[in-house]
Structures are given as C-alpha cells and as structure tokens.
C-alpha cells in the first residue's frame with residue numbers, strides 16, 4: 166500500500182514539474198534565441214541584452230532543479246511496475 170501511495174505522489178509531483186519546466190523552458194528558449202541572434206535586439210531597441218542575459222542565467226538553476234526532480238519522480242514511476250511484480 167505504501168509503495169502505491171509513493172507512486173501516486175511521484176506521479177502528481179511529476180505532472181506539476183512538467184508544467185513548471187515547460188514554462189521555464191519557453192522562457193529560456195526565448196532569451197537564448199535573443200542572445201544567439203543579436204540582430205533581433207538591434208531591430209527592437211527596447212530589448213536590453215544585459216538584462217536578457219541576467220534573466221537567462223538566473224533561470225538556469227531553477228531549470229536544473231526542476232529537471233532533477235522530474236528525473237527522480239520519473240525513475241520512481243519507471244521502477245514501480247518492476248518492483249511490484251517481484
């Protein structure tokens with residue numbers, strides 16, 4: 166019973182982390198694109214590349230932590246059926 170509760174908790178947490186990483190991923194993709202293709206910021210003069218770089222760098226640790234949480238909960242969900250059969 167306890168292992169089933171652990172599986173269901175991991176599944177809920179994993180779903181939440183997927184939503185969070187999707188939002189952070191879109192933000193990081195946008196800022197990364199602006200940093201790679203600087204001609205965009207030259208056309209749109211209100212974009213400050215220093216601020217974009219800072220935002221991108223500040224988001225990356227959160228992305229890594231959320232991704233690590235997804236890894237752990239994903240492993241729990243992956244291993245659960247194998248451990249339940251034994």
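Residue numbers (my numbering): 166 to 251.
Where is the CB? At the ideal position from N, CA and C, for every residue including glycine.
In this text the structure is predicted, and so the values were computed from the model without any measurement.
Beta carbon of residue i, beta carbon of residue j: below 7 Å?
i, j, result
"residue 228", "residue 189", "yes"
For residue i and residue j, what's the separation of their Cα atoms in angstroms?
i, j, result
"residue 244", "residue 231", "20 Å"
"residue 234", "residue 173", "15 Å"
"residue 223", "residue 215", "12 Å"
"residue 213", "residue 221", "12 Å"
"residue 196", "residue 225", "11 Å"
"residue 205", "residue 179", "35 Å"
"residue 192", "residue 219", "13 Å"
"residue 187", "residue 247", "29 Å"
"residue 169", "residue 183", "21 Å"
"residue 177", "residue 171", "10 Å"
"residue 209", "residue 249", "56 Å"
"residue 217", "residue 211", "11 Å"
Label residue i either buried or exposed according to how many other C-beta atoms from any shown protein chain fall within 10 Å of its C-beta, with 16 as the threshold for buried.
i, result
"residue 238", "buried"
"residue 194", "exposed"
"residue 236", "exposed"
Are the segment 234 to 244 and the segment 192 to 206 in contact at 8 Å, needing three or more beta carbon pairs?
no
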